[in-house]
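Student:
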Amino acid sequence: MTQHAEQPQPNCGSQCKETAFSTSLGIPMRINGQGPYWVSVDTGAGLTVVLPEVAEELGLNKVGEETRRGVGGPVTIDLVGVKSVEADGVDVSLAKIGVGAFLKKLCGQSFQGNLGYDILQHGRLIADFSGERMEFQPCDAAPAEGVRFRIASAKKPLVIVDTMVNGTGPYRFAIDTGAMGTCIAPGLAEALGATRGQVVQVAGVGGAMDAYFTTETMRFSIGDTCRGELSPFVIDIFDAIAPDTGSVLSGIIGQDIMRQYIVTFDYGHNIISFV
21 MTQHAEQPQP NCGSQCKETA FSTSLGIPMR INGQGPYWVS VDTGAGLTVV LPEVAEELGL
81 NKVGEETRRG VGGPVTIDLV GVKSVEADGV DVSLAKIGVG AFLKKLCGQS FQGNLGYDIL
141 QHGRLIADFS GERMEFQPCD AAPAEGVRFR IASAKKPLVI VDTMVNGTGP YRFAIDTGAM
201 GTCIAPGLAE ALGATRGQVV QVAGVGGAMD AYFTTETMRF SIGDTCRGEL SPFVIDIFDA
261 IAPDTGSVLS GIIGQDIMRQ YIVTFDYGHN IISFV
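Under the working numbering, the first residue of the sequence shown carries the number 21, and numbering increases by one thereafter.
1. DSSP puts ILE292 in a beta bridge; with which residues?
2. Roughly how many angstroms separate the alpha carbons of ALA214 and ARG168, rounded to a whole number?
3. What residue range does the alpha helix (DSSP H) around GLY248 cover?
4. If ASN81 and VAL112 are in contact, beta carbons under 8 Å, what's the gap, nearest whole angstrom?
5. Identify whether MET278 lies in helix, strand or coil by the three-state DSSP scheme.
6. Along the beta strand (DSSP E) that carries VAL61, what are the first and last residues, could you check?
7. Count the other CB atoms, across all protein chains shown, that sit within 10 Å of the CB of ARG144; report buried if there are 16 or more and exposed otherwise.
8. Does the distance from the C-beta atom of ILE298 to that of VAL105 stay below 9 Å?
9. Measure how close the beta-carbons of VAL69 and GLY136 come, nearest whole angstrom, since I'm counting them as under 8 Å.
10. Near ALA121, which residues of its chain fall below 6 Å by C-beta distance, leaving aside the five closest residues on each side in sequence?
11. Using the three-state DSSP reduction, which class does PHE122 fall into: helix, strand or coil?
12. Quick check: the segment 240-248 against the segment 256-270, are there 3 or more CB pairs under 8 Å?
13. Just checking my contact of PRO356 with HIS289 at CB under 8 Å: how many whole Å lie between their CB atoms?
14. Assuming the contact rule is C-beta atoms closer than 8 Å, SER251 and MET184 should be a hit. Round their C-beta distance to whole Å, please.
15. For VAL69, which three-state DSSP category applies?
16. By how many angstroms is the C-alpha of SER270 removed from the C-alpha of PHE156?
17. When the Cα of SER267 is compared with those of ALA194, ASP148 and ILE282, which residue comes out closest?
18. Using C-beta distances below 6 Å, list every residue in its chain close to ILE292, excluding the 5 sequence neighbours before and after it, in chain order.
19. Just the C-alpha distance for SER173 and THR202, rounded to the nearest angstrom, thanks.
20. Suppose you measure from the CA of ILE272 to the CA of ALA65; what does that come to, to the nearest Å?
21. Please list the terminal residues of the continuous alpha helix (DSSP H) segment that includes THR265.
22. Going by the DSSP bridge assignment, what does MET154 pair with across the sheet?
23. Where in the segment 196-230 do unbroken runs of the alpha helix (DSSP H), each at least 4 residues long, occur, reported from the N-terminal end onward?
24. Given this structure, state the Cα-to-Cα distance separating VAL15 from TYR57, to the nearest angstrom.
25. Taking the CB atoms as reference points, tell me whether ASP160 and LEU178 lie closer together than 9 Å.
26. For PRO94, which three-state DSSP category applies?
27. For THR235, I'd like the list of residues in its chain whose CB is within less than 6 Å of its CB, leaving aside the five on either flank, ordered along the chain.
28. Which same chain residues end up closer than 6 Å to HIS142 when comparing Cβ atoms and leaving out the 5 residues on each side of it in sequence?
Have a look at this one:
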């Protein structure tokens, strides 16, 4: 999920690509021994997807299709068969990936695909947005120190953590590397007495929709180490995705808070850390 508004952006290096809608970090991925292809990494995505040009170049054959629900509504994605996938040097057992032209709108011309949970679940992701660095590593026996997370559901495998907002909660929030900004549900905004501010357009796999920033600064905290103070935007998507997530979420923690930390997603042990 990405937003488009007059917001300050970080300077981008070799692993950080700025587009019209978002600033994304990427890693190299090989498919069937070919590549590498530069792909963004999205902990909010369940399926790894490549551009149609990549699928055509590799001669990948369609084996089915899936409908995924996100910001802007549902989108149908073609599935193609693969023999091998290597993400940032880590071999992953995967039989199929998705193909979608919508990635061009979300990620611009810099990326040839997007890495999702079907690969991330096999390793440990390290995201350093301020340092413009993203790494994917095998999980080792020693778990990372941090806060335990849970996966929302098999259909919508978001990373879910308990989050305090303005000292109240805890609330169920997703941690999404694909989301530029932190957002909250309208119900939570109302409960916290938030007032409507600048309108912003938010883009997702299904298209774009309107949201708005709160005029108030809010305090977010996860465990003992993650803190953030900012004006989130309010977006009405959480009821729509509840059938996939298993319950209604209260919001999403985005890059604006993660940028203050080096964030490690230890999928092997279901632990997230902020240092």
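Glycine included, C-beta positions come from ideal geometry on N, C-alpha and C.
Tutor: The relevant details are as follows:
1. The residue given as residue 292 occupies position 272 in the sequence shown. Answer is VAL167 and PHE285.
2. The sequence position of residue 214 within the sequence shown is 194, counting from 1. The sequence position of residue 168 within the sequence shown is 148, counting from 1. Their backbone Cα atoms lie some 29 Å apart in a straight line.
3. For the purposes of this step, residue 248 is taken as residue 228 along the sequence shown, with counting starting at 1. Unbroken run through GLY248 is the beta strand (DSSP E), 246-250; no alpha helix (DSSP H).
4. Here the question's residue 81 lines up with position 61 in the sequence shown. Here the question's residue 112 lines up with position 92 in the sequence shown. The pair is not a contact, with the Cβ atoms about 20 Å apart (cut-off 8 Å).
5. Taking the sequence shown and counting its residues from 1, the one referred to as residue 278 is at position 258. DSSP places MET278 in helix when its eight states are reduced to three.
6. Start at 1 with the first residue of the sequence shown, and residue 61 comes out as number 41. First-last of the beta strand (DSSP E) with VAL61: 54-61.
7. Indexing the sequence shown from 1 puts residue 144 at position 124. ARG144 comes out buried.
8. A query on residue 298 cannot be resolved here, the shown segment of the chain reaching from 21 to 295 and no further.
9. Counting from one through the sequence shown, the residue named residue 69 turns up at place 49. Counting from one through the sequence shown, the residue named residue 136 turns up at place 116. Contact flag correct, Cβ pair sits at about 7 Å.
10. Taking the first residue of the sequence shown as 1, we reach residue 121 at position 101. Hits under 6 Å: PRO72.
11. If you number the sequence shown from 1, residue 122 lands on position 102. Look at PHE122 here: in three-state DSSP terms it is coil, with no helix or strand label.
12. no
13. One cannot answer for residue 356 here, as it falls past the ends of the chain, which runs 21 to 295.
14. Within the sequence shown, the letter at position 231 stands for residue 251. Within the sequence shown, the letter at position 164 stands for residue 184. That belief does not hold up - the Cβ atoms of SER251 and MET184 are roughly 17 Å apart, past 8 Å.
15. Within the sequence shown, numbered from 1, the residue matching residue 69 stands at position 49. Three-state result, VAL69: strand.
16. By one-based count along the sequence shown, residue 156 stands at place 136. By one-based count along the sequence shown, residue 270 stands at place 250. Straight-line spacing of the CA atoms in PHE156 and SER270 works out to 28 Å.
17. Reading the sequence shown from its first residue, position 247 is the one you call residue 267. Cα-wise, what sits closest to SER267 is ALA194.
18. For the purposes of this step, residue 292 is taken as the residue at position 272 of the sequence shown. Closer than 6 Å at Cβ, skipping near neighbours: GLY166, VAL167, PHE169 and PHE285.
19. Translated into the one-based positions of the sequence shown, residue 173 becomes position 153. Translated into the one-based positions of the sequence shown, residue 202 becomes position 182. Cα-Cα distance, rounded: 21 Å.
20. For the purposes of this step, residue 272 is taken as the residue at position 252 of the sequence shown. For the purposes of this step, residue 65 is taken as the residue at position 45 of the sequence shown. Each residue's alpha carbon lies about 13 Å from the other.
21. Residue numbering aside, residue 265 sits at position 245 when the sequence shown is read from its first letter. 258-265 is the span of the alpha helix (DSSP H), which, as asked, contains THR265.
22. If you number the sequence shown from 1, residue 154 lands on position 134. According to DSSP, which records beta bridges pairwise, MET154 is partnered with ALA147.
23. 206-211
24. With the chain represented from 21 up to 295, any question about residue 15 goes unanswered, as that position is not in the structure.
25. Looking up residue 160 in the sequence shown gives position 140. Looking up residue 178 in the sequence shown gives position 158. No.
26. Taking the first residue of the sequence shown as position 1, residue 94 is located at position 74. Three-state result, PRO94: strand.
27. What you label residue 235 is simply residue 215 of the sequence shown in a count that begins at 1. If we look at THR235 and ignore the five residues flanking it on each side, its Cβ neighbours are THR215 and GLY217.
28. Start at 1 with the first residue of the sequence shown, and residue 142 comes out as number 122. Closer than 6 Å at the Cβ level, and outside the excluded window around HIS142, lie VAL112.
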